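What follows is one structure encoded as structure tokens, with my remarks underneath.
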């Protein structure tokens, strides 16, 4: 009995033992089910011959149920005299009913009145105790097997979902991701009816759905309406055993249960079924895993789209700047050189202050031309960045700038992916800007923004001084090519910084430093704002 793998087999062994070992040929075993019914599980051969089928006992309509409910052995000398007898015309007269805990009952009977003694009762109770123990063991082992099979199946589904994530990495459009989501939900999670809605201008519009859905069943909805709208607004998944019990639910078909999972800021994934309680927590967790992959794929496609747009924009800007630089370099520099030569000749003959001012103006025009050419060159995309040691670049840039008595108070460790030459140009312009606007004794700090992992890479850098800083009203325009606070400035210095940053895929911004001076921050576009690595 203890080696039986199923509860039904335990019952078969129990009734056969009662027949062959105890001499009880009219024995049967009933098991309780989840509906609170006692259903026949096994009977001896004589029981099959004596009765035309075995009944199922409902609560309160039989002696067997009364014994099961009370949990105490019952012995009847003549069952026909009992008010709760299930069949008043039963051929059974004497009966022993032994409860099997919460498993069911074991019964034996005869066609004679007062046919059992105390020894019979004790032997059947002993058999009942062993049967109950064996039933409990069989139930536990069946549960272990079920859980094992469920775990194995869930593992398979998780592995398949990860394969789907790999497939999504190859998707180039949002629509391809939506379609693959529905396919994976049907094929892997075994959801027959599912939908992916995407948010557009406050509305949730269906982007992909199972083939068995009628289009009218997936109307466009406001993000303020229904379970799907609530899921999108709250960012929380929802599992409904019966949609009729959910106030916000308004199913567009004969659907009773459902799950809805937010797809980040993109929309909502839904699955429904016509059966009550079709989905469980495991289904919800697996759907959330699938949707996590979906959100990541959609974010990647969006990033790639924005990157392509940025590259195209920069290419157009570069072409425009190259055209303009060509005009400046050839059409302006040549006559400028001629003018400069004539003025130099006049200055050798005449001592006139007006000639000196003219030479200064020509020199300023020459500086503007140089800056315009630099601006065009630095705007070219950085396609093949390499790891650059920040300390080396910073010290090299500092050495190339006339910093007078200004001290370089701090230099960062770490590395960053960049074009080393253009990164040094960026630092040179920032250092030159600090000295020109904060004085030749300004103190400059250079640090890393949010240190990276153990490989030493950082997400950005900052250059900070203790000068007067940049007024808040001007911080949004300091990188414009016409911005300058000096009469002799070209206005291109900070514009070149912004151009170099943009070519790397970085952003340049200015804020206030610890000592009230200017703090310029250069950080990766995809990185979240974070603290500086050195505090």
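Numbering (my numbering), first residue to last: 966 to 1500. Cβ atoms here follow ideal geometry from the backbone N, Cα and C, with glycine treated the same way. These figures come from a predicted structure and were not determined experimentally.
Looking at C-alpha atoms only, which residue of the options is the closest neighbour of residue i?
i: residue 1233; options: 1241, 1212 and 1186; result: 1186
i: residue 1077; options: 1243, 1059 and 1096; result: 1059
i: residue 1159; options: 1106, 1332, 1222 and 1101; result: 1222
i: residue 1335; options: 1354, 1404, 1126 and 1291; result: 1291
i: residue 1171; options: 1157, 1144 and 1396; result: 1144
i: residue 1155; options: 1049, 1001, 1175 and 1167; result: 1175
i: residue 971; options: 1111, 1480 and 1349; result: 1111
i: residue 997; options: 1048, 985, 1101 and 1079; result: 1101
i: residue 1231; options: 1166, 1065, 1385 and 1393; result: 1166
i: residue 1503; options: 1066, 1031 and 1035; result: Residue 1503 is absent from the structure shown; the chain starts at 966 and stops at 1500.
i: residue 1023; options: 1002, 1377 and 1043; result: 1002
i: residue 987; options: 1027, 1093 and 974; result: 1093
i: residue 1064; options: 1281, 984 and 1029; result: 1029
i: residue 1463; options: 1479, 1476, 1477 and 1445; result: 1445
i: residue 1276; options: 1219, 1470 and 1390; result: 1470
i: residue 1258; options: 1442, 1134 and 1107; result: 1134
i: residue 1091; options: 1106, 1071 and 1108; result: 1071
i: residue 1284; options: 1224, 1017, 1141 and 1338; result: 1338
i: residue 1162; options: 1310, 1130, 1140 and 1431; result: 1140
i: residue 1004; options: 984, 976, 983 and 982; result: 976
What is the DSSP secondary structure of residue i, counted as helix, strand or coil?
i: residue 1233; result: strand
i: residue 1455; result: Residue placement at residue 1455 cannot be trusted, given a pLDDT of 49 that sits under 50; the coordinates are not used to answer.
i: residue 1488; result: strand
i: residue 1210; result: helix
i: residue 1224; result: strand
i: residue 1495; result: With a pLDDT of only 47 at residue 1495, under 50, the local geometry of the prediction cannot be trusted, and no value is derived from it.
i: residue 1335; result: helix
i: residue 1500; result: Only weak support is given to the placement of residue 1500: the predicted model assigns it a pLDDT of 47, under 50, and the value that follows is read from those uncertain coordinates. Of the three classes helix, strand and coil, the one that applies to residue 1500 here is coil, per DSSP.
i: residue 987; result: coil
i: residue 1144; result: helix
i: residue 1076; result: coil
i: residue 1021; result: coil
i: residue 1259; result: helix
i: residue 1195; result: helix
i: residue 1509; result: Outside the modelled stretch of the chain, which goes from 966 to 1500, sits residue 1509, for which no answer is possible.
i: residue 1424; result: strand
i: residue 1238; result: strand
i: residue 1152; result: helix
i: residue 1440; result: coil
Below 9 Å between beta carbons: does that hold for residue i and residue j?
i: residue 1304; j: residue 1279; result: no
i: residue 1045; j: residue 1038; result: no
i: residue 1486; j: residue 1473; result: yes
i: residue 1460; j: residue 1387; result: no
i: residue 1249; j: residue 1226; result: yes
i: residue 1266; j: residue 1137; result: yes
i: residue 1429; j: residue 1482; result: yes
i: residue 1057; j: residue 1069; result: no
i: residue 1375; j: residue 1412; result: yes
i: residue 1193; j: residue 1169; result: yes
i: residue 1061; j: residue 1033; result: no
i: residue 1478; j: residue 1423; result: no
i: residue 1320; j: residue 1332; result: no
i: residue 1027; j: residue 1049; result: yes
i: residue 1400; j: residue 1435; result: no
i: residue 1204; j: residue 1123; result: no
i: residue 1503; j: residue 1215; result: What the structure shows of the chain is the stretch from 966 to 1500, and residue 1503 is not part of that stretch, so it cannot be assessed.
i: residue 1389; j: residue 1426; result: no
i: residue 1150; j: residue 1236; result: yes
Tell me, please, which residues DSSP counts as bridged to residue i.
i: residue 1071; result: 994 and 1063
i: residue 1471; result: 1489
i: residue 1410; result: 1375 and 1429
i: residue 1174; result: 1160
i: residue 955; result: Not covered by the structure: residue 955. The range shown for the chain is 966 to 1500.
i: residue 1187; result: 1168
i: residue 1381; result: 1353
i: residue 1048; result: Paired residues: none, contrary to the question.
i: residue 1476; result: 1484
i: residue 1039; result: 1062
The ligand PLP heavy atoms versus the CB of residue i: any closer than 8 Å?
i: residue 1374; result: The ligand PLP is not among the ligands present in this structure, which contains no ligands whatsoever.
Beta-carbon of residue i versus every beta-carbon of chain B: anything under 9 Å?
i: residue 1213; result: Note that chain B does not occur in the displayed structure, where there is just one protein chain.
Contact between the stretch 1100-1116 and the stretch 1235-1246: three or more CB pairs below 8 Å? no
Check whether the stretch 982-992 touches the stretch 1002-1022, counting contact only when three or more Cβ pairs, one atom from each stretch, lie closer than 8 Å. yes
Would you be able to state if there are at least three C-beta pairs under 8 Å between the stretch 1118-1130 and the stretch 1078-1087? Verdict: no, contact absent.
Cβ pair count under 8 Å reaching 3, the stretch 1390-1409 against the stretch 1353-1370: yes
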